[in-house]
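Mapping of the sequence shown onto my numbering: residues 9 to 168, in sequence order.
Just so it is clear, CB atoms sit at the ideal spot from N, CA and C, and this is done for glycine as well.
Working notes, structure below.
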Amino acid sequence: MNSSSQGGPLVVSACLAGFKCRYDGGAKPDRDVAGLAAEGLALPLCAELMGGLPVPRPPAEIVGGDGEDVLDGHARVITRDGEDVTDAFVRGANAAAVVAAQMGCPAAVLQERSPSCGVRTIYDGTHSGKLKQGCGVLAAALRRRGIAVVTAGVARERRR
9 MNSSSQGGPL VVSACLAGFK CRYDGGAKPD RDVAGLAAEG LALPLCAELM
59 GGLPVPRPPA EIVGGDGEDV LDGHARVITR DGEDVTDAFV RGANAAAVVA
109 AQMGCPAAVL QERSPSCGVR TIYDGTHSGK LKQGCGVLAA ALRRRGIAVV
159 TAGVARERRR
């Protein structure tokens, strides 16, 4: 994926660009994504931070659906400790999606399995490590604004 031919920069999960913003205080750096960010071709965003959540924070999972369902008010985002953080996830996803749209971002490269950024797969809401098909809240919000969403692995394959 190349942003130079389609307008604005790519949106990328900030953790993939090397920012320590994950729930556990760490990052998930991806060399290609970090390189794009360093070249100014990618816009690193963390919807969870934009929604007001701290680093570190308890892990959270979507209960009762996926990111689409959260945006529609039919599912919730709940931490392992039982705290409902849905409002922060929705607030952050919408804020990030607005920024992406304003910047003319044609696509996003997001971290799979995350309750915010999961593209095709998220944790199942039981906090047991099991996965299910579905997208995160940010992925859903970006798609609703016409922004294509892919994982880092897919982005790498498309660049070849």
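C-alpha gap between residue i and residue j, whole angstroms
i	j	result
V157	G15	16 Å
P123	A68	7 Å
P170	I155	The requested residue 170 does not occur in the structure, where the chain is confined to residues 9 to 168.
A96	E47	30 Å
I86	M111	31 Å
G33	M58	15 Å
E27	D38	Sequence inspection shows Phe at residue 27; the Glu mentioned does not correspond to that position. Approximately 11 Å, taken between the alpha carbons.
Where the beta strand (DSSP E) through residue i begins and ends
i	result
Q119	Counting along the chain, Q119 falls outside any beta strand (DSSP E), and DSSP gives it neither H nor E.
V85	R84 to T87
V93	No beta strand (DSSP E) contains V93, which DSSP labels as neither H nor E.
L178	Nothing can be reported for residue 178: it is not among the residues displayed for the chain, which extend from 9 to 168.
Y131	T129 to Y131
Extent of the continuous alpha helix (DSSP H) to which residue i belongs
i	result
V78	G75 to L79
V41	R39 to A46
Own chain residues within Cβ distance below 8 Å of residue i, not counting five before or after
i	result
S13	Below a pLDDT of 50, predicted positions are generally treated as unreliable, and S13, at 44, falls in that range; the measurement from the model is reported next regardless. Around S13: no qualifying Cβ.
V20	V41, L44, A45, A50, L51, P52, L53, A116, V117 and L118
K36	S21, C23, L24, R30 and Q119
Local Cβ density within 10 Å of residue i, reported as buried at 16 or more and exposed below that
i	result
G142	buried
D89	exposed
D80	exposed
V93	buried
Strand pairing of residue i, partner residues [DSSP]
i	result
A156	A115
P52	V20
Sequence-distant residues of the same chain with beta carbon closer than 7 Å to residue i, five excluded per side
i	result
R121	T129, I130, Y131 and L139
R168	For R168, the predicted structure reports a pLDDT of 46, less than 50, and the residue's modelled location is therefore unreliable. A value from the coordinates is still provided. If we look at R168 and ignore the five residues flanking it on each side, it has no Cβ neighbours.
G22	Before going on, a small fix: residue 22 reads as Ala here, not Gly. If we look at A22 and ignore the five residues flanking it on each side, its Cβ neighbours are C29, P52, L53 and C54.
Own chain residues within Cβ distance below 6 Å of residue i, not counting five before or after
i	result
A109	R153
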